[in-house]
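So for the sequence shown, our numbering puts the first residue at 3; every next one is plus one. A virtual CB, placed ideally from N, CA and C, is assigned to each residue, including glycine.
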Amino acid sequence: MDSASVKTFLLDVRASANSLLSQYEPLVLVSAPLFALLVASTLQSAIHGLQEKGLKATLLGFFMSFIKLVPGVKSYIDAEKQKVVDKLQSGGKSGRESWRTELPSTGLGVGVIEKMKDEKSKDVAWQGKCSGAVYIGGSEVEGHFSVINEACSMFAHTNPLHMDVFKSVVRFESEVVAMTAALLGSKKKSSGGQICGNMTSGGTESILLAVKSSRDYMKTRKGIKKPEMIIPESAHSAYDKAAQYFNIKLWRVPVNKEFQADVKAIRRHINKNTILIVGSAPGFPHGIVDPIEELGQLASSFDICLHVDLCLGGFVLPFANKLGYPIPPFDFSVKGVTSISADVHKYGLAPKGTSTVLYRNHDIRKHQFVAVTEWSGGLYVSPTIAGSRPGGLIAGAWAAMMSLGEEGYLENTKNIMEASKRLQKGIEEIPELFIIGKPDMTVVAWGSNVVDIFEVNDIMSSKGWHLNALQRPNSIHICVTLQHVPIIDDFLRDLRGSVKTVKENPGPISGGLAPIYGAAGRMPDRGMVQELLVNYMDGAC
3 MDSASVKTFL
13 LDVRASANSL
23 LSQYEPLVLV
33 SAPLFALLVA
43 STLQSAIHGL
53 QEKGLKATLL
63 GFFMSFIKLV
73 PGVKSYIDAE
83 KQKVVDKLQS
93 GGKSGRESWR
103 TELPSTGLGV
113 GVIEKMKDEK
123 SKDVAWQGKC
133 SGAVYIGGSE
143 VEGHFSVINE
153 ACSMFAHTNP
163 LHMDVFKSVV
173 RFESEVVAMT
183 AALLGSKKKS
193 SGGQICGNMT
203 SGGTESILLA
213 VKSSRDYMKT
223 RKGIKKPEMI
233 IPESAHSAYD
243 KAAQYFNIKL
253 WRVPVNKEFQ
263 ADVKAIRRHI
273 NKNTILIVGS
283 APGFPHGIVD
293 PIEELGQLAS
303 SFDICLHVDL
313 CLGGFVLPFA
323 NKLGYPIPPF
333 DFSVKGVTSI
343 SADVHKYGLA
353 PKGTSTVLYR
363 NHDIRKHQFV
373 AVTEWSGGLY
383 VSPTIAGSRP
393 GGLIAGAWAA
403 MMSLGEEGYL
413 ENTKNIMEAS
423 KRLQKGIEEI
433 PELFIIGKPD
443 MTVVAWGSNV
453 VDIFEVNDIM
463 SSKGWHLNAL
473 QRPNSIHICV
483 TLQHVPIIDD
493 FLRDLRGSVK
503 TVKENPGPIS
513 GGLAPIYGAA
523 GRMPDRGMVQ
533 ELLVNYMDGA
543 C
């Protein structure tokens, strides 16, 4: 076809189009594309919502949005939500009026220490009464406490960002990472011999960095630009935070009947955009180790990353294994594991604010770093989310590990594992309660089909115990530490008494949170529960 024929054809098409459109009003011709664009945008949002939340949650969200358009309904819902927030905050708001909002005109000097001692004396009695929280045994002013306190104080002014100045702290971090890696399989041939990592401020930062590194590594390796990760519903909430921070689509799938990660369910969610799957050893809610070997096989077969959360188990499972407890494989000896997070400030008995993130090789870890070349302040590179980091905490972690040694950790693990088994046995002997799954470690969770477990929790709180309320299923747990070893019998006595009280006098106690926990668990609109939590936090800090 020559150019003249093409020109004639185009003129004919133009004439036909003009003839067809001439029967419509100009306003219609202008508004039709805009209307089509609006419809397409609405459909795209609906499809995205369905993919993100599922059909039930999406329809519920549309229904709640529609209901709130009815005059008076939104204001009523907001008022009811505020009542719940006020109830949650009732314990801490009363003392805020006396909180300082300005610098003192004249400094207190060394007198500030006495002021701090006075404030500390008003804290609740936590010794042996908290689930997890404080993992070191004994008194704050002696033994292991005093060792790490002195270590932190000695290096409180240091910052590993200045590698050429504070060389001792740089060495401490490297050795903490290496010693932790050795506990988690770095010396085994199957690890590949390249395990590396860094210290972080805690388990959440370790998980954030592992997710960020996995995202960028998979983008480089496979070109994935719309990343997705798949986690069991028992996985830590830090993954939700990572998904929000790093724009990653998150699939949270139900656990199996044993409350472990359901490998088949995870397999069904894997697609071309999957960068990462997750396992825990153990999971925070129930103390159960996920099937890491099966997850490793899955990750290997699809050439994706697998992160294992060992924040709780990193300084227990290796020693429990040596003591003869039946611990399933969980570390870098498992093929497919690409990263691990392990807290030193839990069972490593280091000061708060110390964790590690470890990688199978340097190719993955390099994606954790941020290097800046165009800053007028000079060339800059940082390994973790924080730039400046507290050298005192790093020194405290090194001191904790070196002071205890393998023998110390073995002895501690023996004591807390035995205490956990005694606790589990005692709970199993209370007929109204049942243990959730089969705990592998030092977290024991229990529920009830006879009494309201959250009412039991309220009674325990009134006796000074600080436990964790769980959902799916409704239950409570305790994370056993060295603080609990001497008082297991006291705990069981109070638990039996609390169950008896609730059974004989069911119903919420004054000031208890059981109605709120119960309502939150039953509320189908999870967006509303999320709003409650955000409003609570906004008023609490």
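{"query": "Going by Cα to Cα distance, which pick from I396, T444, H468 is closest to F321?", "result": "T444"}
{"query": "Check the DSSP bridge columns for I233 and list the partner residues they point to.", "result": "R254"}
{"query": "Our contact map puts M201 next to V178 with C-beta atoms below 8 Å; I'd like the distance itself, whole angstroms only.", "result": "6 Å"}
{"query": "Let me check understanding here. Comparing Cα to Cα, which of W400, I279, K274 lies closest to A263?", "result": "I279"}
{"query": "Between the alpha carbons of K324 and K189, how many angstroms are there, rounded?", "result": "16 Å"}
{"query": "Return helix, strand or coil for S155, following the three-state DSSP convention.", "result": "helix"}
{"query": "Return the CA-CA distance between C313 and G285, expressed in angstroms with no decimal places.", "result": "9 Å"}
{"query": "If you follow the alpha helix (DSSP H) that C400 is part of, which residue opens it and which one closes it?", "result": "Reading off the sequence, residue 400 comes out as Trp, not Cys. Here the alpha helix (DSSP H) through W400 covers 393-430."}
{"query": "Compare the Cα-Cα distances from K191 to each of G350, F334, G449, Y538 and report the closest residue.", "result": "F334"}
{"query": "Assuming the contact rule is C-beta atoms closer than 8 Å, F261 and G379 should be a hit. Round their C-beta distance to whole Å, please.", "result": "That pair is no contact at about 50 Å."}
{"query": "Whose CA, out of L497, A402, S464, lies closest to the CA of P433?", "result": "L497"}
{"query": "Jot down the residue ranges of each uninterrupted alpha helix (DSSP H) in the segment 302-389, minimum 4 residues, whole runs only, in chain order.", "result": "319-324, 364-367"}
{"query": "Name the residue from V257, R223, D120 whose alpha carbon lies nearest to the alpha carbon of I233.", "result": "V257"}
{"query": "I272 and I226 - do their beta-carbons sit closer together than 9 Å?", "result": "no"}
{"query": "Based on the DSSP secondary-structure assignment, which residues constitute the bridge partners of I478?", "result": "W448, A471"}
{"query": "Should G204 and H309 be called a contact, given that it needs their Cβ atoms to be closer than 9 Å?", "result": "no"}
{"query": "I'd like the list of long-range same chain contacts for W400, defined as Cβ closer than 7 Å, with 5 residues on each side in sequence excluded.", "result": "F174, E177, V178"}
{"query": "To the nearest angstrom, report how far apart I342 and V487 are at their CA atoms.", "result": "28 Å"}
{"query": "Between which residues of its own chain and P385 is the CB-CB distance below 8 Å, once the five residues before and five after are set aside?", "result": "N200, Q370, F371"}
{"query": "Could you tell me which residues DSSP pairs with V280 in its beta bridges?", "result": "H309"}
{"query": "Less than 8 Å between C-beta atoms, sequence neighbours within five positions excluded: which residues of the same chain meet that for P475?", "result": "I438, G449"}
{"query": "Per DSSP, what kind of secondary structure is F286 in: helix, strand or coil?", "result": "coil"}
{"query": "In whole angstroms, what separates the C-alpha of D282 from that of I209?", "result": "Checking the sequence, you will find Ser at residue 282 rather than Asp. The straight-line gap from Cα to Cα measures roughly 11 Å."}
{"query": "Along the beta strand (DSSP E) that carries M443, what are the first and last residues, could you check?", "result": "Taken as a continuous stretch (DSSP letters only), M443 belongs to no beta strand (DSSP E), as it is neither H nor E."}
{"query": "If A471 and N459 are in contact, beta carbons under 8 Å, what's the gap, nearest whole angstrom?", "result": "6 Å"}
{"query": "Compare the Cα-Cα distances from D442 to each of V112, K214, P287 and report the closest residue.", "result": "P287"}
{"query": "As a quick exercise: from D311, V112, A388, E99, pick the residue whose alpha carbon is nearest that of N161.", "result": "A388"}
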